[in-house]
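Below is one structure; the comments refer to it alone.
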Amino acid sequence: MATMKLGSKPEIFVLEGLTWRCMTELESDVVVEVGEMSFYLHKFPLLSRSGVLQRMISEYQAPQEDGGGGGGMCTLQLDDIPGGAKAFELAARFCYDVKIELNAHNVVCLRCAAEYLRMTDDYAEGNLITQAESFLADVLANWKDSIKALETCEGVLPTAEDLHIVSRCITALASKACASDAAACSTGHAAASASAVAVAAKNASYDALWNGIGSGGTPRGGGGAAGAAAGCSGMDWWYEDVSFLSLPMFKRLIQAMEGKGMRPESIAGAIMFYAGRFLPGLKRNTSFSNASFGGDCGAGSRSITPRAANVSAPSEGDQRYFLEEIVALLPAKKGVASTRFLLGMLRTAMLLHASPLCRENLERRIGAQLEDACLDDLLVPNLGYTVETLYDIDCVQRILDYFMSSTDGLGTGYTSPAVVEEGSQLGALHAGSPSSLSPITMVAKLMDGYLAEVAPDTNLKLPKFQALAAVVPDYARPVDDGIYRAMDIYLKSHPWLSESEREQLCRLMNCQKLSLEACTHAAQNERLPLRVVVQVLFFEQLRLRTSIAGWFFVSGNAAAGGDGAPQPHPGGSAIVPKGAAAAGQSDADAEADEGKGKELPAEAITDVKARVSELEKECMSMKQEIRRLGKPRRSWSLLTRKCRFGTKVQQAQPTMSSK
1 MATMKLGSKP EIFVLEGLTW RCMTELESDV VVEVGEMSFY LHKFPLLSRS GVLQRMISEY
61 QAPQEDGGGG GGMCTLQLDD IPGGAKAFEL AARFCYDVKI ELNAHNVVCL RCAAEYLRMT
121 DDYAEGNLIT QAESFLADVL ANWKDSIKAL ETCEGVLPTA EDLHIVSRCI TALASKACAS
181 DAAACSTGHA AASASAVAVA AKNASYDALW NGIGSGGTPR GGGGAAGAAA GCSGMDWWYE
241 DVSFLSLPMF KRLIQAMEGK GMRPESIAGA IMFYAGRFLP GLKRNTSFSN ASFGGDCGAG
301 SRSITPRAAN VSAPSEGDQR YFLEEIVALL PAKKGVASTR FLLGMLRTAM LLHASPLCRE
361 NLERRIGAQL EDACLDDLLV PNLGYTVETL YDIDCVQRIL DYFMSSTDGL GTGYTSPAVV
421 EEGSQLGALH AGSPSSLSPI TMVAKLMDGY LAEVAPDTNL KLPKFQALAA VVPDYARPVD
481 DGIYRAMDIY LKSHPWLSES EREQLCRLMN CQKLSLEACT HAAQNERLPL RVVVQVLFFE
541 QLRLRTSIAG WFFVSGNAAA GGDGAPQPHP GGSAIVPKGA AAAGQSDADA EADEGKGKEL
601 PAEAITDVKA RVSELEKECM SMKQEIRRLG KPRRSWSLLT RKCRFGTKVQ QAQPTMSSK
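For the record, in the sequence shown the residue sitting at position 101 is 101 according to the UniProt record's numbering, with numbers rising by one throughout.
See the structure below:
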């Protein structure tokens, strides 16, 4: 820290309680009272340095009182001097040429006090104003000293503003931070940070569902793509320093940095760090009572300064004003603030009853980058006066609507439902990492997980559940296991739903896009309407027939030497999709080129036989259940004829046996 020593004489000031005495051979002839402190001094050293004290002493008239005592003692009042008694003490020492040390902590107060006392060069060469200005220039050349100087401006704001000390400190800090930010970008720190965030997103944990059916890997933890905005090595070194500033000072500094062209990502990182210190409610597991006023934000957090430690807990109104100002200060660029941070701010805004404009701003920001959200953060508690549901479903509905209405929500990168084939839908079940999915698919997985979380709430009405689930288009879900799980939980928690309401709910699900595990579960699910169970079994049997036909087609081509001519299936009515035929033809040609006529693997034939047998058992079980419920036999005959279990399975089994 920079320092400057002034004066040459040894210490002659002695403190006695609330009184400072100058111990010289001459008796004090002037008393200067500053607040509760009294200074017993001499007129001549003060007259030779301060224009204000010179005027006050010359204008002073002693009170006319008999026996008043005190002789020619002059008493002056300086209660409004900037910096108070401490600043006047340093100014008095300077007048007596006693050794003092200027540093970043006292130079601003001393400069303001010198201005108040008019200690200019007109009264003495090299007076206090000149000395303080010279040292202040050295202070502003250093980052740490500039921060300390700006913090001390809080106590002398009227004078510090008039002397442009605040603006000079802010300009110096903004210039240094912007220069560092530009240097970090040029050396590739920004790219390293983005890579680290991407790796963190890929490593997010995924929960298994209660029935063993995966819902597409809904992330339960971790932030969004901007979650590590404050953790970019080499670029966030100044976040903690500026987090100790008051809100007005911090706001002016951020605005100055924006004016100098600092990247929005760096500005958002500083704002998130700053908000975390003064809004402990941003963390789900903390409250103001069990968290320090500064909060615990990131590694390497320093302890709160004594000034901040003595501040009492802010009122709800102060926190609400603080939050609204922080939200307005965030850069408008999408993704610069993490979705986790924005959702935490939204929860806090609801708790503090922030303005509707502030909440709408947060909801729009979250909706624009909803694909980066995680399920835990999306569970916003319902804090309304008329609490119906445990979680705020309406808030999530609005956020989802904002996402769907955004340009990115319906932009490029999405597969049209007209070109989605069953094979590609099922193949997407085993797709790669979440980063390879389109935003709307990630949001679909997220909403399926959210619906499963809120489904057990008995106060959640069916129309609201349906409305939220229906916002996501059908083509956004590669598989419907997630929405099926949410529907099943809702049916289990709402057993009083009528048959028509159950069927209406099940329309949200596409039975053709259920995985094998989900189909098995649905076929035995007593909570589903009979019509839905029949559809599940039908599409599963159709898929099985397609798979069998594909195997036989490949085997027939291989045995014929790969001539490429389609061979009719013995069953005569098996449906072979284009994907399976193409795959079969490609495999057959490859085997023909190698001169190998491989037959269908015995293990695959065994698996197909087992699956056919399992489906027959399920159909028999359904037949017995329908008879037990008194259903007419004609409905079962229709089901059997529609699924064609009897004839097709009997035709397939001899063929497999011959293989």
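By construction, the Cβ of each residue, glycine as well, lies at the ideal position given by its N, Cα and C atoms.
Please state whether DSSP places residue i in a helix, a strand or coil.
i           : result
Leu163      : coil
Cys74       : strand
Gly447      : Checking the sequence shown, residue 447 turns out to be Met, not Gly. Met447 falls in the helix class under three-state DSSP.
Arg398      : helix
Tyr321      : helix
Leu15       : strand
Lys9        : strand
Lys144      : helix
Glu59       : helix
Asp236      : coil
Asn361      : helix
Met509      : coil
Glu453      : helix
Leu437      : coil
Pro158      : helix
Cys109      : helix
residue 708 : The displayed coordinates of the chain run from 1 to 659. Any statement about residue 708 would go beyond what the structure contains.
His494      : coil
Met119      : coil
Pro248      : helix
Thr171      : helix
Tyr96       : coil
To the nearest whole angstrom, what separates the beta carbons of residue i and residue j, a pair I think is in contact under 8 Å?
i      : j      : result
Gln535 : Cys519 : Between Cys519 and Gln535 the Cβ distance is about 10 Å, and since that is not below 8 Å, they are no contact.
Val108 : Ala149 : 5 Å
Leu47  : Leu53  : 7 Å
Lys489 : Ala455 : The question names Lys, yet the displayed sequence has Ile at residue 489. Right, the Cβ-Cβ distance comes to about 4 Å (below 8 Å), so this counts as a contact.
Leu468 : Gln397 : 6 Å
Asp97  : Lys9   : 5 Å
Residue i to residue j, Cα distance in whole Å?
i      : j      : result
Tyr123 : Lys176 : 37 Å
Tyr321 : Leu18  : 39 Å
Gly84  : Trp237 : 34 Å
Ala486 : Met620 : 28 Å
Gly572 : Ala549 : Residue confidence is low: Gly572 scores 36 on pLDDT, short of 50, so the model does not pin down where it sits. No coordinate-derived value is stated.
Leu400 : Arg531 : 31 Å
Ile165 : Leu157 : 9 Å
Ala270 : Leu505 : 46 Å
Ala114 : Asp241 : 28 Å
Leu282 : Met345 : 6 Å
Ala2   : Glu133 : 14 Å
Arg340 : Thr458 : 28 Å
Pro463 : Asp481 : 21 Å
Thr75  : Phe44  : 15 Å
Met37  : Cys22  : 14 Å
Val139 : Glu151 : 13 Å
Gly449 : Pro439 : 15 Å
Gln319 : Leu352 : 7 Å
Glu59  : Lys260 : 50 Å
Tyr391 : Arg168 : 48 Å
Ser547 : Met509 : 23 Å
Glu11  : Gln131 : 20 Å
Phe278 : Pro381 : 21 Å
Less than 8 Å between the C-beta atoms of residue i and residue j, yes or no?
i           : j      : result
Cys95       : Ala160 : no
Asp372      : Arg263 : no
Pro331      : Ala268 : yes
residue 689 : Val31  : Because the chain spans 1 through 659 in this model, residue 689 falls outside it and cannot be assessed.
Leu110      : Ala87  : yes
Cys178      : Met119 : no
residue 663 : Arg359 : Outside the displayed span of the chain (1 to 659) sits residue 663, for which this structure offers no information.
Val443      : Val472 : yes
Gly367      : Ser406 : yes
Arg93       : Phe39  : no
Lys99       : Lys5   : yes
Ile170      : Leu253 : yes
Thr441      : Ala476 : yes
Going by DSSP, name the residue or residues bridged to residue i.
i      : result
Glu265 : According to DSSP, Glu265 bridges with nothing at all.
Tyr40  : Arg21 and Val31
Met4   : Leu102
Tyr391 : Pro381
Just to check, is the beta-carbon of residue i closer than 7 Å to a non-hydrogen atom of the ligand SAH?
i      : result
Pro280 : Among the components of this structure there are no ligands whatsoever, and the ligand SAH is therefore not found.
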